[in-house]
Ligand code: AMP
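Numbering (the working numbering), first residue to last: 7 to 118.
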């Protein structure tokens, strides 16, 4: 989508510290980390929010979680939190689905 920050990262039009990429997913460091490890995992398909997902997006949502799991395993992260903010009222600021992968002793959930 034209004005979407995360679509621009996918297209290489905005910089990001990429952690993982395959055909369907991209993961990169959050620009304003709220924990020692704060990675965002996104689908390359633009969907604005979890509440817009359809039954046909089941594999995409499952894939996001499995991608986060693989990244955590590869980085030897033993315990972590996975978080979706859903809609403005749920704290969502960027309207392209993203899964927050948070780890470390100081996780600032208030600011996530
Ligand atoms: P949310 O509140 O769930 O929409 O979270 C959006 C997250 O995206 C925040 O934690 C931001 O710090 C992060 N963010 C916004 N712009 C960028 C960017 N250009 N690169 C990396 N992370 C970003």
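Beta carbons: idealized from backbone N, C-alpha and C, even for Gly.
The beta carbon of residue 63 sits closer than 8 Å to the beta carbons of 53 from its chain, once the five residues preceding and following it are set aside; these are given in chain order. In the displayed model, residue 65 falls within a helix according to three-state DSSP.
Taken in chain order, the complete beta strand (DSSP E) segments of 3 residues or longer contained in the stretch 24-76 are 24-27, 31-35, 43-49.
Judged by their CB atoms, residue 106 and residue 20 are not nearer to each other than the 8 Å cut-off.
Residue pairing by DSSP leaves residue 8 without any beta bridge partner. The secondary-structure analysis by DSSP pairs residue 109 across a beta bridge with 43.
Here DSSP, grouped into helix, strand and coil, assigns residue 89 to strand. Counting other Cβ atoms within 10 Å of its Cβ, residue 79 stays below 16 and is therefore classed as exposed. Spatial neighbours of residue 114 in its own chain (CB-CB distance under 7 Å, excluding positions within 5 residues in sequence) are listed in chain order as 40, 41. For residue 118, the secondary structure class from DSSP, reduced to helix, strand or coil, is coil.
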